[in-house]
Amino acid sequence: MTDQADSQAQHVLTPRKPGITPMQRRVLAGGSVGQFIEFYDFALYGLSAVVLSSLFFPSENQLVGLLALFATFGVAFFIRPLGGLFFGALGDRIGRRNVLVITLLTIGVATTGIGLLPTYETVGPLAPILLVLLRLLQGLSAGGESAGAPSFVFEHAPIRHRGLFINITLAATALPSVVAAFFILFLSSSMSDEAFQSWGWRMPFLIALPLALVGLWIRSRTEESPAFKEMMHEQEQKIEDQEIAKHTPVRDAFRNNWLKMIQVVFIMGLTAMGFYFLSGYFVSYVQTSGNLSREQSLLLNGFAMLMYTILLPIAGMIGDRVGRRPMMIGGALAIAVLAVPSFMLVTSGSVALALCGQLLFVVAICSYGGGCYTFFIEVFDTKSRFTSAAFSYNLGYAILGGTAPFVGTALVNATAVPFSPAFYVIAIALLTLLAMAITRVPETRGWTN
-16 MTDQADSQAQ
-6 HVLTPRKPGI
4 TPMQRRVLAG
14 GSVGQFIEFY
24 DFALYGLSAV
34 VLSSLFFPSE
44 NQLVGLLALF
54 ATFGVAFFIR
64 PLGGLFFGAL
74 GDRIGRRNVL
84 VITLLTIGVA
94 TTGIGLLPTY
104 ETVGPLAPIL
114 LVLLRLLQGL
124 SAGGESAGAP
134 SFVFEHAPIR
144 HRGLFINITL
154 AATALPSVVA
164 AFFILFLSSS
174 MSDEAFQSWG
184 WRMPFLIALP
194 LALVGLWIRS
204 RTEESPAFKE
214 MMHEQEQKIE
224 DQEIAKHTPV
234 RDAFRNNWLK
244 MIQVVFIMGL
254 TAMGFYFLSG
264 YFVSYVQTSG
274 NLSREQSLLL
284 NGFAMLMYTI
294 LLPIAGMIGD
304 RVGRRPMMIG
314 GALAIAVLAV
324 PSFMLVTSGS
334 VALALCGQLL
344 FVVAICSYGG
354 GCYTFFIEVF
364 DTKSRFTSAA
374 FSYNLGYAIL
384 GGTAPFVGTA
394 LVNATAVPFS
404 PAFYVIAIAL
414 LTLLAMAITR
424 VPETRGWTN
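If you're matching positions, the sequence shown starts at -16 in the working numbering and goes up one per residue.
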């Protein structure tokens, strides 16, 4: 028997009795609401890119302004791994629920702060500096929230429905784009361009803090996960018996989980790139390369993200039946095959074809998400799950997610080929498949750690 088979044999236990408890439903709601608020805050930045670039990075060349804005978009992602380490270690020590209170409140305050910022015209270079500082605060808190909420939901979920539970939680990351897109669309269509540029753009940012307070109320009605409670009880007992030293999540993560963390970095990097091309880039991309209006691009992207919200839980259910690894392999192949037709349709200049292109891309990345979103939590044990998952997940998102809008804009600018970002997508998808094969990514469905 191989080492992988031995590992699976050690981890697979008899499935629990079916049925979802009221507490599990509340945890699912609390985790989903937190993800909604986190990604609402991040989605606003990408959806408002064209307006924000003119207000904070004014330039005669629109592409130059967008490049500057998307560079600050990436800044928040590069601090996320540090946030993952900090909040992850804290969560592995004091509990997931307590940390998720801090992260949700912090990201709400930071996003509301962006809505209150003076523009470049008012305070000059101080405006983009303040914007970057608030983006850093967003990224730090999101580093904990992005993996903490799925970990919390995972540890409460029935073992046979982990993929469904996790993917419902992660589907809530797409809804913010829908809500934010239609909110911005409503504002921009109901007021003059001058009014929207002056103060209308601020309104979606200013509701972030009230949303965060609603999320905190929902989470206050949940309990710490049984897995974490059991782990802490065992740790305390062993410490009392002087069998082990005090729990050190960061050391344990890098000592025991280094290979799994590397696997999560490249596996989640691919889905991060896909998600942020869809949610953080396509709105401005359709305007600048597809020559559609702001209203048309927002409407199209809102519908595409709504379909993402519907399809991702379905993909999670399929992953619960066939396994995580087949979904990741099939999804990565679909991303590679559909990238060129998707991006060509998106930049066709036709509303109908642009929608078809985005929907093709949604099908591909949801198929991949049917495996990867559960894998990145499931592969780690309870003892250092939050730390390991948060750091590696956010590193993958920083490398390929935070840079996706910048790379896409730079490729179009450098090549003058509207669909050139598709070749970057293909390269990353194929490299991910190769890395999965070389590092022997395991099947984790049914593991319990």
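Even for Gly, the Cβ is constructed at its ideal location relative to N, Cα and C.
| query | result |
| --- | --- |
| Inter-stretch contact (C-beta, 8 Å, three-pair minimum) for the stretch 91 to 99 and the stretch 143 to 156 | no |
| Distance CB(Gly127)-CB(Gly66) smaller than 7 Å | yes |
| First through last residue of the alpha helix (DSSP H) which encompasses His139 | Leu109 to His139 |
| Pair within 7 Å by beta-carbon distance, Ala32 and Pro159 | no |
| Backbone CA spacing between Leu343 and Thr292 [nearest angstrom] | 14 Å |
| Backbone secondary structure at Trp182 - three-state DSSP | coil |
| Whether Val82 touches Gly131 by CB criterion (7 Å) | yes |
| Per-residue burial, Asn240 [other beta carbons within 10 Å of its own, 16 or more giving buried] | buried |
| Bounding residues of the alpha helix (DSSP H) (the contiguous stretch that carries Tyr351) | Val334 to Glu361 |
| Ser371 beta carbon less than 7 Å from that of Met215 | no |
| Between the CA atoms of Val10 and His139 - distance to the nearest angstrom | 7 Å |
| C-beta contact flag for Pro401 and Thr357 at 7 Å | no |
| Cβ neighbour criterion (16 or more within 10 Å) applied to Ser333 | exposed |
| Beta carbon of Phe60 nearer than 7 Å to that of Gly384 | yes |
| C-alpha gap between Pro133 and Ile360, whole angstroms | 7 Å |
| 6 Å CB neighbourhood of Leu35 in its chain, flanking five on each side removed | Leu52 |
| 7 Å Cβ cutoff met for Glu207 and Arg80 | yes |
| Spatial neighbours of Phe165 in its chain, beta-carbon cut-off 6 Å, leaving aside the 5 residues before and after | Gly285 |
| Ala399 - DSSP class collapsed to helix/strand/coil | coil |
| DSSP state of Ala157 mapped onto helix, strand, coil | coil |
| Inter-residue Cα distance where the pair is Ala420 and Gly379 | 18 Å |
| Leu170 versus Gln341: straight-line alpha-carbon distance, rounded | 24 Å |
| Through-space distance from Tyr264 to Leu109, alpha-carbon basis | 26 Å |
| Touch test, the stretch 314 to 321 against the stretch 179 to 198, Cβ-Cβ under 8 Å, three pairs minimum | no |
| Ile250 vs Cys349 beta-carbon contact at 7 Å | no |
| For Thr86 and Phe69, believed in contact at Cβ under 8 Å, the rounded distance | Actually they are not in contact, since the Cβ atoms of Phe69 and Thr86 sit about 10 Å apart, beyond 8 Å. |
| Local conformation of Gly434 per DSSP, three classes | Here the chain covers residues -16 to 432 and nothing more, so residue 434 does not appear. |
| C-alpha gap between Arg202 and Ser181, whole angstroms | 36 Å |
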